[in-house]
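Participant:
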Amino acid sequence: MSYSSAAAEIQFLLENVVDYASVAATEKFEEASIETIAAVLGEAARLCDDVMYPLNRDGDLQPARLENGVVRTSPGFADAYQAIAEGGWVGIAADPEYGGMGLPQTANTALNEMMSGANLSLQLCPLLTQGQIEALEHHASDAIKALYLPKLTSGEWAGTMNLTESQAGSDVGAVRTKAEDNGDGTFSISGQKIYISWGDNDITENVCHLVLARLPGAPDGTKGISLFIVPKRVPDEQGALGAANSLRVVSLEHKLGLHGSPTAVMEFDGATGWMVGPENGGMAAMFTMMNNARLGVGVQGVGVAEAAYQKALAYAMDRKQGGNAIVDYPDVRRMLMAMKADTQAARAISLACAVAIDLGNATSDETAKSCAAFLTPIAKAFGTDVGVAVANDGIQVHGGMGFVEETGAAQYLRDVRVTAIYEGTNGIQAMDLVGRKMMDGGEAAYRLLDEIEGEAETARHTFPEIGDAVWGAAETLRETTEWLAEQPVQKRFAVAVPYLRAFARVLGGHYLLKAARSEGTGGSRASLARFYATRLLPEHQSLLAQVRMGDDGLFDIVPDDMVA
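Per the working numbering, the very first residue in the sequence shown carries number 497; after that it's consecutive.
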């Protein structure tokens, strides 16, 4: 079975559903026309389908390994990464001043989806570098930018993010890694970090670590954390690499999936680093990278969902049972339709988020910025939830053969499962949505709901059944949002996950309806929108019923009574 990147679907959504034209109309992105983006997507699809995808199974079966302190990547990864770097794909959205293409994040989001579907383990390497580039562009000194950004943008050097420690996972404020001022503009970094994706490799000249650490006397918690760039090999002012820094890979994690991606335990022992951003301002700088990564991780889920769906569909069309291909059996067809509909919904949400990010960056429009902020946790959580669910259904479509590793169906589930965990678990994304993102009293949510209801009202003339369903769902969501905005934050946190899911469900109906209206009544998108509206969208009712419960009953059983 071959993999075919969803370039055509992405382009359709950009042209007809998520208003990419508004991005191309800005002065900042006036050269990034839809025709330019289409050409970029076409080239990217060839890279993904012909270069990255053929290595996906090899990365799973022949994982990255640690040999005598050196990380050896999976066979073929070095050549494939070289093709990524030489094509300029690492710096697709980076500043042209440092060698980047300067294209919108929307183009980068589309690229990351296609690369994730082709080979998620390998895609993680450029994704992390892209996040580091953005963090340095916003927060680093001119000297650090001039030294690091050209090398990171070209892909000659790779970037990582070092947050997590054994006692400090989601509670980043508990980090203990230390930084001491050397008095010459450098700092000595000491401590251990875990779960460092692509913490080392043998395919780039250098690996640059962004490390959260605490200076002596710094305040407790997140207010006392600073950010440092700590290279594997210390460069001189011209970028020539010198001696190895005082850091090492202690071990590589043995993981459920993503075997081709080396996840390292990193030890820093007086390593030389340079501060990025102000003293004790590390979290603000790191959040720039994390927000970039959250949308990137969301489309990782979408990309894997697309690949898992394609594999399941191909199997269902080929596999015969009782004389018929199983694609003709109602339950298999139900699963395939749900897989396709949810993938398309999650893709549209992610692209809409990217468009809002670009509009905010290009115009300083506060409405666009608030929309982007509101959509980011939804795109991350729903995109990865869809990736997990579609990959799981892909195994079910395969039946017993899905449980057998040789078919490759199980790899998608194993690989994508972590996306719902990293860059902030999906529960944390939901808490962010109902907490920080509703500090405006729900205004960003209401603006989205106004858009959804306006589209549904218009669509009633051609798609009355779907338009009525989407309008009614949006109105119910509005009423629940009004109620939720008045609740204390802890009660909101108790129902954050079903609320985010309900909002994503309604957004999915909205975007699929727009797609159907753009194509017309006789197209397949109308059938997909109708399936979604009648079979998936109704889920919002039970989700919102959960929301209305608040924290009632969650703490009725004490922990001791929860033990079997």
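Even glycine gets a Cβ: it sits at the ideal position worked out from N, Cα and C.
On the DSSP bridge assignment, give the partners of D677 in chain order.
Facilitator: For D677, which the question treats as bridged, DSSP gives the partners F683.
Participant: P960: which of A1029, G651, T522 and A614 sits nearest, CA to CA?
Facilitator: Closest by alpha carbon: A1029.
Participant: For F724, count the other beta carbons within 10 Å of its own beta carbon; 16 or more makes it buried, fewer makes it exposed. Which is it?
Facilitator: Its Cβ being crowded by 16 or more others within 10 Å, F724 is buried.
Participant: Using a threshold of 9 Å, state whether the C-beta atoms of A540 and W585 are closer than that.
Facilitator: Going by C-beta atoms, A540 is nearer than 9 Å to W585.
Participant: Report the CB separation of G883 from V912 in whole angstroms; it is logged as a contact under 8 Å.
Facilitator: The Cβ separation is near 4 Å, so the contact holds.
Participant: Whole angstroms are fine: how far does the CA of I506 sit from the CA of I530?
Facilitator: If I take the Cα positions, the gap works out to 11 Å.
Participant: To test your reading of the DSSP string, which unbroken alpha helix (DSSP H) runs of 4 or more residues are found completely within the region 617-656?
Facilitator: Complete alpha helix (DSSP H) runs here, min 4: 638-650.
Participant: What is the rounded straight-line gap between the Cα of H750 and the Cα of I1053?
Facilitator: If you take the alpha carbons of H750 and I1053, they lie about 36 Å apart.
Participant: So, F764 versus G687, is the Cβ gap smaller than 9 Å?
Facilitator: In this structure, G687 lies closer than 9 Å to F764 by Cβ.
Participant: For H1061, which residues does DSSP report across the bridge?
Facilitator: Nothing in the structure corresponds to residue 1061, since the chain is present only between 497 and 1060.
Participant: In the structure shown, what three-state DSSP assignment does V776 receive?
Facilitator: Note that residue 776 is Asn in the sequence shown here, rather than Val. If DSSP states are grouped into helix, strand and coil, N776 belongs with coil.
Participant: Any idea which residues DSSP pairs R561 with across the strands?
Facilitator: In DSSP, R561 forms a bridge with R568.
Participant: Going by DSSP in three states, P731 sits in which element: helix, strand or coil?
Facilitator: Strand at P731.
Participant: Less than 9 Å between the beta carbons of M813 and G890, yes or no?
Facilitator: Against a cut-off of 9 Å, the Cβ pair of G890 and M813 comes out as no contact.
Participant: Take E775 and list the residues in its own chain whose beta-carbon comes closer than 6 Å to its own, dropping the five residues that flank it on each side.
Facilitator: S722.
Participant: What's the C-alpha gap between A858 and L708?
Facilitator: Distance between the alpha carbons of A858 and L708: 30 Å.
Participant: Taking V985 as part of the alpha helix (DSSP H), name the residues at either end of that continuous run.
Facilitator: Per DSSP, V985 belongs to the alpha helix (DSSP H) from V985 to A990.
Participant: Taking the alpha helix (DSSP H) that A885 belongs to, which residues open and close that run?
Facilitator: Segment E862 to H894, the alpha helix (DSSP H) holding A885.
Participant: Give me the residue from Y594, G1049, R1031 and M1045 with the minimum Cα distance to T976.
Facilitator: Among Y594, G1049, R1031 and M1045, the Cα nearest to that of T976 belongs to M1045.
Participant: For P1034 and A780, I'd like the C-alpha separation in whole angstroms.
Facilitator: For P1034 and A780, the distance between alpha carbons rounds to 39 Å.
Participant: Evaluate the contact criterion for the region 802-816 versus the region 601-616: three or more CB pairs, one atom per stretch, below 8 Å.
Facilitator: Touching, yes.
Participant: Enumerate, from N- to C-terminal direction, the unbroken alpha helix (DSSP H) stretches of 4 or more residues contained entirely within the region 747-826.
Facilitator: Here the runs fully enclosed are 778-814.
Participant: Would the beta-carbon of K876 fall within 9 Å of that of V793?
Facilitator: Closer than 9 Å, so yes.
Participant: Quick one: what does DSSP say L737 is sitting in, helix, strand or coil?
Facilitator: It is a strand residue.
Participant: Once DSSP output is grouped into helix, strand and coil, what is the label at S518?
Facilitator: Three-state DSSP puts S518 in a helix.
Participant: Just to confirm, are A887 and H894 a CB contact at a threshold of 9 Å?
Facilitator: Against a cut-off of 9 Å, the Cβ pair of H894 and A887 comes out as no contact.
Participant: Please state whether the Cβ-Cβ distance between H1036 and V991 is less than 9 Å.
Facilitator: No; because the gap between Cβ atoms is not below 9 Å, this pair is not in contact.
Participant: Which one or two residues does DSSP pair with A661 in a beta bridge?
Facilitator: Correcting the residue type first, residue 661 is Glu in the shown sequence and not Ala. Bridge partners of E661: A664.
Participant: Cα-Cα, which of E582, I588, Y549 and L562 is closest to G572?
Facilitator: The shortest Cα separation from G572 among E582, I588, Y549 and L562 belongs to Y549.
Participant: Tell me, to the nearest whole angstrom, how far the beta carbon of D696 is from that of V745; I am working on the premise that it is less than 8 Å.
Facilitator: So it is a contact: roughly 5 Å between Cβ atoms.
Participant: Express the C-alpha separation of F1027 and A606 in angstroms, rounding to a whole number.
Facilitator: Between A606 and F1027, the C-alpha separation is close to 25 Å.
Participant: Measuring straight from C-alpha to C-alpha, what distance separates V798 and N658?
Facilitator: Looking at the two C-alpha atoms, the distance is approximately 25 Å.
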